[in-house]
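Have a look at the structure below, then the notes.
Numbering (the numbering used here), first residue to last: 3 to 1250.
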């Protein structure tokens, strides 16, 4: 075999690929082939050998596969059949790919010696192209007669299903394998069915599958041909293990899944979707449409995809998956969730996000976000760009980049294109390129120029090429320059097309300035524009068959003109001009002078060239009649106006920054003969303060000067602003104007002064007097000092019908009907203060909160709003809060009501007293959207009376905080009726009282006892029992088998301020205190514990007592049992207290301290200390001491003494009366009897 130096044929041309072992020998026979080549290779190394130059391929020939291996590709011409033989009989043939054999090849013979496996055969069968007509045959052969086991167990149905006959080589008999030798799953499921070598060629018969669906395991391609896959229990397509799976779409396909836990399409490996169109739908809202595993990539190439589900496309939990979309249309719609989710990277090539407008991919949020940065949950539409027949710097303008073309390399400044109007805007732009800077193939394109714009072209062709009719316009400038390299022009125009240059400046230079690229020529129209064209050793204008000039003319070179026969501009001698040609409008004066110089079309764009004029910008736009002053300074010698409006009616001076114009002499610094407006956000200082009789601003009689939304400071030698004949109108609209005339009136000969949104604020009392045509002082004299007129800041608040402003807010008592110590408004805190105020009105609200959101009305003392009309005295149209320690009486004596609130706003009444009465007390008004307001009353007293309509009604919600409805009895708020109703459900029209709870100076488990909770204190956390209740009339706290447990710093029971409190005990009661401080029971006032029951007061932890008594107070324990234990049993907190125990049992135990502590006096009535033995109360030590005189911490028991009576019941003859008895008693015994009286200590007291 001879090596050939020939190029490798294209891959689509090869006939056969055989997988072999390196160094193997095989035999091949090409039937009908005139010539063949073998290409063998591996790892990028390619070798070629010509098999047809010296070998007769009609016979079996041996070929050794050497070199690169382990595959060979065989290219052959006119191939009809092929025989492949494993010449070494060692299983050297590992497989073959017949997918691209020519249609002429109808016979394939594979000869072996029993070493080809069933899987190898199946692989070959799968690669076979489909055949029709039944003339194609595949022969299997061994050295003997029968096929080997591999052939017998192969799936021959794959081949026969493609139209191939399966035959035995020996005898040509039909052969059929049973398909049991190579059952192989590919890790791909369609509608829940595993794709294997047995079904991959036709998956269309699966349940839920229609159309044509097949899988090629060799290329890893799943083909959907107008296919529809539906599944209700699993994914339509699930790729478990095929890396780089390719889904090839043909026609229109759809995947529809309703399974509760599966996406319609999911891949655990990298995957590509390519080709036609597919709709992927997951109908279950909680499941997504397309999913990819974490860290994997989904590629969408050259296709159309619509996906909808919880997320349209998502990656499972983790760092996220990647999405690459190339030249495709994708519609992705989420269902109440982001359309894209957990996508760490999104690459868009030849396509972009079309909608929502402003949407973009945000890598930090791993999703597509809208213009405000929020994840998009509606449809995201991605599509290839639409090109607009316009190029910038060699790049097409599309719908994706048109809004900002500065992203194109070589482009800066503002460059954008609006396709709807076919307008390309250049705003101080610079475009540098070796391609056309601008290439236009769009008929009717308009280039709008703003500022100065540069086109710089290097290399061949022009800087700007108008292939279609086009207009350049706007007030700016365009410099189109061909700079270096191959010769090109500044501007080129295509044959028979028209370029129009209107109302702008264009400078073009290059080999030609402006030319046509065809000898037939183009048309050039120049309207009121300046055009300069310069050629480089060539005509400045070239092949221009028609030049139309409107409002302009050729001004340079002198004598130059357009010659249509030569299609160029020629000089006076008729030769084409190669130097600069200038076309410009003739000089036009606009009727305006700046510093004595006429403003014309030549200088209007930059008036700082005039002597005495400087600043960032001074320019005039005649189209809008606008003179712009941007940080300008104009200063002239006496005898000249800085600005003289000679003839422009409606001239507008636009101010930016601070501007100064200074004049002198006997004329005005600024003089207008026609109506004029000064406006803008800046300041204008106008002065004329030199010697002479000059004024700052002079106006012709009968004209109007308007000053709006700016600041103007005027100072004149004689007048500030005046009319030099007749009188004039002055309009000041939301502007600050300061005017001073040094020698005469500040404002003179004013026929009418109109102030909008502003007032005269200085001097105090100054007003406009039309009879004197001036602003006069309080005495009626024209003012010569500074007059200040400035905007008034309104606060959206009215008092007695008068707007509250920055001028009157500090003292609103100047308003008629308003009086009191103080009525004032602080805008910084939005606080209206009423200090013992009275506001009276008959037909306008006393207080109207029109638009002041979060207004606060601060009450001091007693305040009154009194109305006699038919509207509310107080009307809150915005959120309002009434607060402070004072009182507000709102009285409507007429046919209106007291308080109205506009929905959906909130009125809050807090820490104050409000009394409202009228036709209605407090009512809500529905907004335009039918929303009613909310009323909040917090720790306040409110009394509302509505004689006819309801006391509190048409309120969406009544929120009561630390207060309740106390009258009428049983009254409550009914949300369904939006009103306070009585016990029968009727809207109340009499007085409704809402008040805070009454606190009694007693706390239970840290909660204050009030008139609201006193009847059942078991509602307090930590409190339980048959009954715990307080009767304030008798100052009695009843504990009925109660248990109170408390673990914070306060007491289980704390008598804060009730002098004479009685605690009545019923049954056994427990107080358990479990914190570092605070006694179980503490009384800061005199207190008595009574009843037949028991009280166990225990402090479990910390350093506090069972029972504590306040400084100098008395605790009385009477006829009951009290057990107290803690660090002390019973003690006084700071200074000694008194303890009285009457016929009661008391046990007190201290932990490491005295059981009784700081008790200055202990009074035991009918009781005594019984334990410890010998213990007594020692007043000097203020404690109970043991027999040694030491304060004891042992349990001290005090019990009632025994009542005198008969102890020996056998002494029946003895009688005692009264029995029992206290004090004096009588004993009767028989005369013969003996009587001994012995006390409890065992001592004989008396013997009879």
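We put the beta carbon where it would ideally sit given N, CA and C, even for glycine.
Computed from a prediction, not measured in an experiment: that's the story for all the values here.
Straight-line Cα distance separating residue j from residue i
i            : j            : result
residue 738  : residue 711  : 8 angstroms
residue 697  : residue 911  : 58 angstroms
residue 893  : residue 744  : 54 angstroms
residue 1058 : residue 1001 : 11 angstroms
residue 689  : residue 664  : 5 angstroms
residue 1073 : residue 982  : 41 angstroms
residue 545  : residue 628  : 40 angstroms
residue 68   : residue 401  : Legend: pLDDT at residue 68 = 47, less than 50; position of this residue unreliable, value from coordinates given subsequently. So the alpha carbons of these two residues sit roughly 56 angstroms apart.
residue 531  : residue 579  : 20 angstroms
residue 444  : residue 514  : 23 angstroms
residue 836  : residue 861  : 5 angstroms
residue 125  : residue 311  : 38 angstroms
residue 416  : residue 426  : 10 angstroms
residue 755  : residue 746  : 19 angstroms
residue 350  : residue 182  : 47 angstroms
residue 723  : residue 671  : 10 angstroms
residue 45   : residue 97   : A caution first: residue 45 carries a pLDDT of 29, below 50, which makes its placement in the model unreliable, though a value can still be read off. Each residue's Cα considered, the two are about 19 angstroms apart.
residue 320  : residue 295  : 9 angstroms
residue 1078 : residue 1153 : 14 angstroms
residue 757  : residue 794  : 10 angstroms
residue 636  : residue 728  : 28 angstroms
residue 542  : residue 564  : 11 angstroms
residue 477  : residue 375  : 37 angstroms
residue 135  : residue 211  : 28 angstroms
residue 316  : residue 225  : 23 angstroms
Contact belief for residue i with residue j at Cβ below 8 angstroms, rounded distance in angstroms
i            : j           : result
residue 219  : residue 202 : 6 angstroms
residue 935  : residue 909 : 7 angstroms
residue 720  : residue 695 : 5 angstroms
residue 260  : residue 285 : 5 angstroms
residue 1270 : residue 899 : With the chain running from 3 to 1250 in the structure shown, residue 1270 is simply not present.
Which of helix, strand or coil DSSP assigns to residue i
i            : result
residue 1127 : strand
residue 1200 : strand
residue 151  : helix
residue 258  : strand
residue 359  : coil
residue 160  : helix
residue 217  : strand
residue 375  : coil
residue 121  : helix
residue 543  : strand
residue 815  : helix
residue 881  : coil
residue 507  : strand
Residue(s) in a DSSP beta bridge with residue i
i           : result
residue 273 : 247 and 300
residue 168 : 140
residue 331 : 306
residue 191 : 196 and 240
residue 796 : 807
residue 674 : 647 and 701
residue 601 : Paired residue(s): none; residue 601 is not in a bridge.
Run of the beta strand (DSSP E) containing residue i, from where it starts to where it stops
i            : result
residue 233  : 223–233
residue 843  : 840–843
residue 1154 : Unbroken run through residue 1154: none, as it is neither H nor E.
residue 290  : Premise fails: residue 290 is in no beta strand (DSSP E) and is neither H nor E.
Chain C within 8 angstroms of residue i, Cβ atoms only
i            : result
residue 1068 : Included in the structure is just one protein chain, with no chain C present.
The ligand ZN heavy atom lying under 7 angstroms from the CB of residue i
i           : result
residue 303 : For the ligand ZN, the structure offers nothing, since it holds no ligand at all.
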